[in-house]
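Here my numbering is used: the sequence shown runs in plain steps of one and ends on residue 1103.
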Amino acid sequence: MEMKTDYLMHGGDYNPEQWLSMPEVLETDIERFVEAKINTVTLGVFSWSKLEPREGEFDFEWLEKIIDRLYENGITVILATPSGARPHWMADKYPEVLRVNETRQRMLFGGRHNHCLTSPVYREKVKRIDTELAKRFAPHPAVRMWHISNEFSGQCHCSLCQEAFRDWLKKRYKTIEELNDRWCTTFWSHIYDSFEQVESPSLLGETSIMGLNLDWRRFVSDQTIDFMEQEILALREAGISQPVTTNLMYRFDGIDYFRLAEKVDLVSWDNYPLWGQKEDWEKARETAFWHDVIRSLKKQPFLMMESSPGSTNWQKVSKLKKPGMLEATSFQSIAHGADGAMYFQMRKGRGGEEKLHGAVLDHYDGNDTRTFRDVCRTGEMLAALGEAAGSRTQAEAAVLYDWENCWALEESRGPRNQDLHARESIEKSYRALRRLGHNVDVIDQSCDLSPYRFVAGPMQYLFHEGFAEKIRAYVERGGIFVMTYWSGVADENDRCFLGGTPHGLMDVFGLRSEEIDGLYDWEENRICQGGERLAGMRESYVCKYLCQLVKPMGAQTLMVYGSDFYAGEPALLKNHFGEGDAYYVCADAEQAFYDDLYRKILAEAGIRSAFTGEIPDGVEVTVRKGEEAEYLFLQNFGRETAMISLPEGEVLFGDREGKLEPLGNIVVKIKKKQG
Ligand code: GLA
Ligand code: ZN
C-alpha cells in the first residue's frame, strides 16, 4: 500500500503525555503548530506507561482528546506503537523481557530499545497494546499512518534467543552435517555434533567461525524484522487500513534494511547530520547518499521522520544550526524523494535525557525564537512545493550497497582488519555520479539491474547465489558495470570460492585476481597513465589501503600502478563483453579518479543527466518526475554564491534568475512535452 498525499508532511515527534498536568501548554502548542504550518505530528512513541499504567489497564482518554484537538486544527497524526520503551511493571514481573548481553548477563530495567525481541511475553504484551490502540484509533480520521516502535536495533543473547537461533539454523541447513560443511568447522576442530551445541558468537566463546558470525547477524536482522511484522499483523488484525512505517537510522548496519523494507508500506528515517564538522557540501553529500539508500529500499517516496530543528544533544559538542540550515536540510530530503520533512521534537520536555535537544518549541514557549521562525520558513517552503508530493525519482545509474556483503567484509579477517574503508569506497562511486548531476539509486545484490545503464559495484566481496550470473547477463545485454578490488571472493557462508576470482566473472572482466596488498595507513601508491594515453584521465591518482594485483586474460589495461614491486602492473582494466563493458578498478583510488573515470565512461556511452547545464562545486541537482511535470531541485552547499542557467519552466521556489546563495534552494517545474 502506498501513501498518497497532495501535500508534503511537516511536523514531528510530539510527547504531550509529559504535559498532561499543564493543559494550557498543549493549547499554546497547537496555536504555534498552526502558525508554523505543521500538518502532521507523531504521537505515542515511548508513551506505554501512560497508555497502560498497570498490566491490562488501559487509559487512552488523554490521547484521544489530544488527537481530537489536533484534528480540529487541521493536524493529522502518525500514531506510534509504544514498544520502543516498556513500563517498569513489565520488567519487574517478567524479567525475560530484559536483554542478555554478549557476555550472558541480564540487564536491569532502564533506557529504551533494549528488549528481548524473542520473548513470548514481550511479544504478547506488545500485541495486546497494539491491538487495543488499533481498535480505538484506526477509525479516527486524524490517524493517517502507523509508526511501528522506534529505531529498531541491538541484539539479545538470552536462552530464548539461543533457542530461536538454533531453530533458524535448523530451517536453513536441515542437518548438522550441512551446517558444519557450510561453516567449515573442521578448522581448529570446531565441528558441532548437534544444533544444541550452537551458541551465539561471544568473546567468552566462539568468534572464529565466520559462517557463524554471519548467520548470527542474519538471525538478529530476521528476528527484528519478524518482531516488527508481528506488530504490523496485530494492527491489521485489529482493523487498521492506514499505511505502516518504521523509522530507520543513518548508516545502521544491524538490520538488513532491504529485507525490512519489504514488510512496511513506506520507509522513513531519522536524519541527524552533524553540520560544522566538515565542509557543508561534504556533509550534504553523505546525507544525500543515505537519502538515496532509503528511497531505493522501495523505490518510492519516503519520509524524513526525524531531524533536529536546532542542535542535537547526544554528541560531544552541540552545535547550533546556522541560519538557513534547517530549511536546506528539509529541502534536501524532498529533493531526494521524501514526501515530508519532520522533526524530533515538537516541544522540549522539562526533564530527562532529551530536555535540551533541539525542538520546534523550547522551554521559553514564545514564537519569537530563531528556531521557531526557521521552522515557520520551512513550513512555507514545504507548502510551496506541495504539488511535488508523490512524484518519483528515476535513475539510470546505480551503486551497490549490500548489507550482507558489508557484514562479510567486516568479518573477513583479510588484507586489512583495522579498516577496509568499504563504505567510503561505495560513497566515492556515488559522489562521482552525483557530481555529474545524475539521480542515483543505491541497490543491493537482490535488486534488478536491468533499469540501469550504469552500475558500480565497489568491493562486492560476498557474492549471493546467482549474483555473478546477474552481472554477466547485465553486461552481455549492453550494461556498463564497474567492479572494484576484492570482489567475488566468498559465498554466502563466507567460504572462499575455488577456481579463481572474481567468481564466475573472470571471462566477463577478462582477468583473474591474484593477490591483494593491504597498505599501512601512511602508505600510498598511484594509479598512473601507462602505455597509450587514456583521454579524460589525469597523469596519476593517489590510491591507498588496498591494492589488488590481477592477471589480464583478455581485458585491456587502461592504467597501471606507479610504485612498489608491482609498478607497471594493471590498476584499471576494461573488457568488452557481449554488448556491454566491464571495468575493473584494482585499488582504493582518490575521489578525483572516480570523478574523471565516470565522467568519461558516461559521456562515451551518451548517458546524460536530466540537467545539462554547468554544475558549480557545492551545488546539488536532483530531479523528481510527476505525472505532468518534472521538478528540478537545485541547492547550494558550497561557500560561494552560484549562478545557474535555469531551464525553461516555472520557478516554484527560490530565485527566478538562478542565483543560488550558500544554503540557497531553487525548484523549477518543467512541464512534460506533449506527444
Ligand atoms: C533518535 C530517536 C528519538 C530521539 C532522537 C534524538 O532519532 O528516534 O527518539 O532520541 O534520536 O536525536
Ligand atoms: Zn533474548
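All C-beta atoms, glycine included, are put in the ideal place defined by N, C-alpha and C.
>> Give the list of continuous beta strand (DSSP E) stretches no shorter than 3 residues that lie fully inside the segment 657-731.
In response: Correct list: 672-677 and 694-698.
> What number of angstroms, rounded off, separates the C-alpha of Gly842 from the C-alpha of Leu471?
Replying inline: Locating residue 842 in the sequence shown gives position 414, counting from the first residue. Locating residue 471 in the sequence shown gives position 43, counting from the first residue. Going by the C-alpha atoms only, they are around 47 angstroms apart.
>> I'd like to check one pair, Thr1050 with Phe1061: are the Cβ atoms closer than 7 angstroms?
In response: As a position in the sequence shown, residue 1061 is number 633, starting the count at 1. As a position in the sequence shown, residue 1050 is number 622, starting the count at 1. If you check the CB distance, Phe1061 and Thr1050 come in under 7 angstroms.
> Looking at C-alpha atoms only, which residue of Ile660, His585 and Asp992 is the closest neighbour of Trp562?
Replying inline: The count along the sequence shown starts at 1 and reaches residue 562 at position 134. Before going further, note that residue 562 is Ala rather than Trp in the sequence given. Per the Cα distances, Ile660.
>> Any heavy atom of ligand 2 inside 6 angstroms of the beta-carbon of Thr652?
In response: Locating residue 652 in the sequence shown gives position 224, where the first residue counts as 1. Outside the cutoff, so no.
> Hey, how far is the Cα of Thr782 from the Cα of Leu607?
Replying inline: As a working note, residue 782 is residue 354 in the sequence shown. As a working note, residue 607 is residue 179 in the sequence shown. In the sequence on display, residue 782 carries Glu and not Thr. One C-alpha to the other measures close to 46 angstroms.
>> I need the DSSP call for Ser941, collapsed to helix, strand or coil.
In response: Within the sequence shown, numbered from 1, the residue matching residue 941 stands at position 513. Three-state DSSP puts Ser941 in a strand.
> Sorry if obvious, but does the Cβ on Trp835 come closer than 6 angstroms to a heavy atom of ligand 3?
Replying inline: Within the structure as shown, ligand 3 is missing, the only ligands being ligand 1 and ligand 2.
> Taking the Cβ atom as the reference point for each residue, do Ala1070 and Val1096 lie within a distance shorter than 7 angstroms?
Replying inline: The count along the sequence shown starts at 1 and reaches residue 1070 at position 642. The count along the sequence shown starts at 1 and reaches residue 1096 at position 668. No, these two residues do not count as a Cβ contact at 7 angstroms.
> Taking 6 angstroms as the line, does the beta carbon of Thr740 fall inside it for any heavy atom of ligand 1?
Replying inline: Position 312 of the sequence shown, counted from the start, is the residue given in the question as residue 740. Yes.
> When burial is assigned at 16 or more other CB atoms within 10 Å of the CB, is Arg844 buried or exposed?
Replying inline: Here residue 844 is taken as the residue at index 416 of the sequence shown, counted from 1. Buried, since its Cβ has 16 or more Cβ neighbours within 10 Å.
> Between the beta-carbon of Tyr913 and the beta-carbon of Gln976, is there less than 7 angstroms?
Replying inline: Locating residue 913 in the sequence shown gives position 485, counting from the first residue. Locating residue 976 in the sequence shown gives position 548, counting from the first residue. Their beta carbons are under 7 angstroms apart, which means Tyr913 touches Gln976 by this criterion.
> In its own chain, which residues sit with a C-beta less than 8 angstroms from the C-beta of Leu526, not counting the 5 before and 5 after it?
Replying inline: For this step, residue 526 is matched to residue 98 along the sequence shown. Around Leu526: Ala519, Arg534, Met535, Leu536, Phe537, Asn542, His543 and Cys544.
> Any chance the CB of Phe655 is under 6 angstroms from a heavy atom of ligand 1?
Replying inline: Locating residue 655 in the sequence shown gives position 227, where the first residue counts as 1. No, the Cβ of Phe655 stays beyond 6 angstroms of every heavy atom of ligand 1.
> What's the gap between the Cα of Ser669 and the Cα of Met573?
Replying inline: Here residue 669 corresponds to residue number 241 of the sequence shown, with the count starting at 1. Here residue 573 corresponds to residue number 145 of the sequence shown, with the count starting at 1. Taking the straight line joining both Cα atoms gives about 9 angstroms.
> Under three-state DSSP, which class holds Ile576?
Replying inline: Taking the first residue of the sequence shown as 1, we reach residue 576 at position 148. Taken through DSSP and simplified to helix, strand or coil, Ile576 comes out as coil.
> Hey, is Leu588 close to ligand 2, as in C-beta under 6 angstroms from one of its heavy atoms?
Replying inline: For the purposes of this step, residue 588 is taken as residue 160 along the sequence shown, with counting starting at 1. Here the distance from the Cβ of Leu588 to the nearest heavy atom of ligand 2 is below 6 angstroms.
> Who are the Cβ neighbours of Glu1089 in its own chain at under 6 angstroms, not counting the five residues just before and after it?
Replying inline: On the sequence shown, residue 1089 is found 661 positions in, with the first residue counted as 1. Apart from sequence neighbours up to five positions away, the residues of its chain that approach Glu1089 with a beta-carbon distance below 6 angstroms are Thr1069, ordered along the chain.
> Which residues mark the beginning and the end of the alpha helix (DSSP H) in which Pro548 is found?
Replying inline: Walking along the sequence shown from the start, residue 548 turns up at place 120. Pro548 -> alpha helix (DSSP H) spans Pro548 to Phe565.
> Just to confirm, are Ala816 and Asp869 a CB contact at a threshold of 7 angstroms?
Replying inline: Mapped onto the sequence shown, residue 816 falls at position 388. Mapped onto the sequence shown, residue 869 falls at position 441. Result no, Cβ atoms of Ala816 and Asp869 do not sit closer than 7 angstroms.
>> Taking 6 angstroms as the cut-off, is the C-beta of Asp698 nearer than that to any heavy atom in ligand 1?
In response: As a working note, residue 698 is residue 270 in the sequence shown. Yes, the beta carbon of Asp698 sits closer than 6 angstroms to at least one heavy atom of ligand 1.
> Taking just the CA atoms, how far does Arg556 sit from Gly502?
Replying inline: Along the sequence shown, read from residue 1 onward, the residue named residue 502 stands at position 74. Along the sequence shown, read from residue 1 onward, the residue named residue 556 stands at position 128. When rounded, the distance between both Cα atoms is 30 angstroms.
>> Can you tell me whether Asp935 is helix, strand or coil according to DSSP?
In response: Residue mapping note: residue 935 aligns to position 507 of the sequence shown, counting from 1. Reduced to three states, the DSSP call for Asp935 is helix.
> For the 8 angstroms Cβ check, are there 3 or more pairs between the segment 1075-1086 and the segment 805-821?
Replying inline: yes
> Per DSSP, which one or two residues make a beta bridge with Ser968?
Replying inline: Counted from its first residue, the sequence shown places residue 968 at position 540. Cys956.
>> Just to confirm the assignment, what range does the alpha helix (DSSP H) spanning Met753 have?
In response: Your numbering for residue 753 matches position 325 in the sequence shown. Element bounds for Met753: Met753 to Ala763.
> What are the start and end residues of the beta strand (DSSP E) that includes Leu1080?
Replying inline: Numbered from 1 along the sequence shown, position 652 holds the residue referred to as residue 1080. Per DSSP, Leu1080 belongs to the beta strand (DSSP E) from Glu1078 to Phe1081.
> Since Asn1093 is in the alpha helix (DSSP H), which residue starts that stretch and which ends it?
Replying inline: Translated into the one-based positions of the sequence shown, residue 1093 becomes position 665. Where Asn1093 is concerned, there is no enclosing alpha helix (DSSP H), although the beta strand (DSSP E) it sits in stretches over Asn1093 to Lys1099.
> Could you give the distance in angstroms between the alpha-carbon of Asp935 and the alpha-carbon of Lys979?
Replying inline: By one-based count along the sequence shown, residue 935 stands at place 507. By one-based count along the sequence shown, residue 979 stands at place 551. Approximately 12 angstroms, taken between the alpha carbons.
>> Could you check whether Leu725 and Phe686 sit closer than 7 angstroms to each other, using their CB atoms as the reference points?
In response: As a working mapping, residue 686 is identified with position 258 in the sequence shown. As a working mapping, residue 725 is identified with position 297 in the sequence shown. Yes; because the gap between Cβ atoms is below 7 angstroms, this pair is in contact.
> Would you call Ser735 buried or exposed, if buried means 16 or more other Cβ atoms sit within 10 Å of its Cβ?
Replying inline: Position 307 of the sequence shown, counting from 1, holds the residue named residue 735. Burial call: buried.
>> I'd like to confirm something about Thr546: is its beta-carbon nearer than 6 angstroms to some heavy atom of ligand 2, or not?
In response: The count along the sequence shown starts at 1 and reaches residue 546 at position 118. Yes, ligand 2 has a heavy atom inside 6 angstroms of this Cβ.
> Would the beta-carbon of Phe593 be found less than 6 angstroms away from any heavy atom of ligand 1?
Replying inline: Walking along the sequence shown from the start, residue 593 turns up at place 165. Outside the cutoff, so no.
>> By the DSSP assignment, the alpha helix (DSSP H) with Ile908 in it spans what residues?
In response: Against the sequence shown, residue 908 aligns to sequence position 480. Counting along the chain, Ile908 falls outside any alpha helix (DSSP H), though it belongs to the beta strand (DSSP E) covering Ile908 to Thr912.
> Sorry if obvious, but does the Cβ on Phe1081 come closer than 6 angstroms to a heavy atom of ligand 1?
Replying inline: Position 653 of the sequence shown holds residue 1081. Result no, Cβ not under 6 angstroms from ligand 1.
> Just checking my contact of Leu1000 with Ile955 at CB under 8 angstroms: how many whole Å lie between their CB atoms?
Replying inline: One-based indexing of the sequence shown puts residue 1000 at position 572. One-based indexing of the sequence shown puts residue 955 at position 527. Right, the Cβ-Cβ distance comes to about 6 angstroms (below 8 angstroms), so this counts as a contact.
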